[in-house]
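Take 254 as the starting number for the sequence shown in our numbering and just add one per residue. Using N, Cα and C, we set each Cβ at its ideal position, and we do this for glycine too. Nothing here was measured: the structure is a model prediction, and the numbers come from that model. Take a look at the structure below.
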Amino acid sequence: MAIRALFPTRIYHARLTKSGGARFDRTLEDECEALAASDAAGARWSAKHYLGGYTSYGSLDRLHLVSSVFAGLARRLDRHVQAFARSLDYDLRRRTVAITDCWLNVMPAGVVHSLHLHPTSFISGTYYVQVPKGAGALKFEDPRLSRMMAAPPRNAFFSLPARAGDVILFESWLRHEVPPARYAGNRVSISFNYAWSRK
């Protein structure tokens, strides 16, 4: 008898840097705080679409192109994305994988980031800058959920706790969310997308 795992859903989880990243993280945290305080357009967009929190998604969604600090983050993310892309069994010969979007999220307690995916992207992910104790986890939905039909009950979700300094990568078609949670302070993360193109 043989049982095979076909078409697995893969999640990449690692520390951004193995060592020596504390100074960069402090600089990134300062940059995030300054951006959230000064981005009036983002605050207006968030008031309508990200209730209770702040995101630069609707105002500054290519931070790696306008900030040297975020460009430094993108360079650090690149090696992780390359490693993850190689594991996915796609034909990447004569193709490049590069970051296209990068935005900041600030979530106080109770803020929800509802179930969604990232269309027109290949690999998406999050880098956690600041994570208070008890802050919301990243929750993934089983992509087969709509096709289970007459299956008996099972857990169709997987939650990955957030931890400062961690990078999480997943294929952009995988639906995910951040449920509400109770904690003190702000959950600060940077989300991003990568796409592929021909060389």
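In the DSSP assignment, residue 444 falls within the beta strand (DSSP E) that extends over 439–451. Proximity to residue 386 across 375, 278, 441, 257 peaks at 441, based on C-alpha coordinates.
Secondary structure at residue 298: helix, using DSSP grouped into helix, strand and coil.
Here the alpha carbon of residue 438 sits roughly 7 Å from the alpha carbon of residue 362. Around the beta-carbon of residue 393, 16 or more other beta-carbon atoms lie within 10 Å, marking it buried. With respect to the 9 Å criterion, residue 424 and residue 341 are classified as neighbours on the basis of their beta carbons.
No Cβ-Cβ contact shorter than 9 Å links residue 334 with residue 281.
Residue state for residue 267 is assigned as strand, using DSSP reduced to three classes. The three-state secondary structure of residue 328, taken from DSSP, is helix. In the same chain as residue 329, and ignoring 5 residues on each side of it, the C-beta atoms closer than 6 Å to its own belong to 269, in chain order.
Taking 9 Å as the cut-off, the beta carbon of residue 381 is found closer than this to the beta carbon of residue 420. Under the DSSP definition of a beta bridge, residue 338 lacks any partner. When DSSP states are grouped into helix, strand and coil, residue 427 belongs to the coil group. Listed in chain order, the beta strand (DSSP E) elements of length 3 or more contained wholly in the region 387–431 are 391–394, 410–413, 419–424, 429–431. DSSP places residue 348 in the strand class (E or B) of the three-state scheme. Between residue 398 and residue 291, the alpha-carbon positions lie close to 41 Å from each other. Taking all protein chains shown into account, residue 288 has 16 or more neighbouring C-beta atoms within 10 Å of its C-beta and is therefore buried. Counting of Cβ neighbours within 10 angstroms places residue 302 among the exposed residues, the total staying below 16.
Here the alpha carbon of residue 261 sits roughly 25 Å from the alpha carbon of residue 366. For residue 426 and residue 263, the gap between their C-alpha atoms comes out near 12 Å. As the crow flies, the alpha-carbon of residue 279 is around 21 Å from that of residue 313.
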